[in-house]
Amino acid sequence: MFDLDGVLIDSKRNMEASWNRCKITHGLEQSFIDYFDHIGKPFEDILGAIGIEDNHKEIYDTYGGASLDNQDLITIYPGVIETLRKLKEDDNKIAIVTSKHASRTMVMIEDLPKFDFVCSPKQGLRGKPAPDQLLFCMSMCNTDPQDAVYVGDMKVDHWAAQRANIKFIHANYGYGKVKCEVSIDQIQQIISQ
């Protein structure tokens, strides 16, 4: 299982453009750095963490629209397509567990190999760092925790993997720094692990 942003795609410029539109549209004072410090969590949790208590739905809608408008600011990390293809060729299941809304996720992964399952936030599942999405994804892929690995770049990814009792690989090339047993500097290293 893979996180999306900071693991498979570099979407930081897209996020910054989207946040800047939110600031202008809604008169927000919080900087992109304030927002970015909390990525990986559900959007509403980020807003609460940076002191935005009202208009979550409106801000979310603005952010989502800006994100779709700025798709050209997203790049796929080098080696991602080849690595995912190799994993599939070797009969591994591949899945995404992300805090990004499902409709935006599906647009962003159009150029990637087909995933066995994509898990975005949904009603009844707590967001990361809760293990709910990882556990649901494993269930949908008919995979036991001892056979699963989650590749993420943020502390919330690591915590979610720990709580789901699965192996974690830190994508050191992503956005966050995590102290853990296994980290990679490029995605191709997964194949040799």
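Residue numbers (this note's numbering): 1286 to 1478.
Even glycine gets a Cβ: it sits at the ideal position worked out from N, Cα and C.
Taking one beta carbon from each stretch, the segment 1341-1355 and the segment 1446-1458 have fewer than 3 pairs nearer than 8 angstroms; the two do not touch. Distances from the CA of Asp1290 to each of Arg1411, Thr1310, Val1441 were compared; the closest alpha carbon is that of Val1441. Here Ala1380 really is in contact with Phe1402; their C-beta atoms are around 4 angstroms apart, less than 8 angstroms. Bounds of any beta strand (DSSP E) do not take in Phe1317; it lies within the alpha helix (DSSP H) bounded by 1317-1321. Ranked by how close their Cα comes to the Cα of Asn1299, the residues His1311, Met1286, Ala1351, Ala1334 have Ala1351 in first place. The DSSP-derived three-state label of Lys1308 is helix. If the five residues before and after Gln1315 are omitted, its C-beta is found closer than 8 angstroms to the C-beta atoms of Lys1308, Ile1335, Gly1336, Ile1337, all from its own chain and listed in chain order. Assignment of Ser1468 by DSSP, reduced to helix, strand and coil, places it in the strand class.
Of all alpha-carbon atoms in Ser1424, Pro1363, Asp1438, Glu1466, the one lying nearest the alpha-carbon of Pro1414 is that of Asp1438. A direct Cα-Cα distance of roughly 8 angstroms separates Phe1421 from Cys1404.
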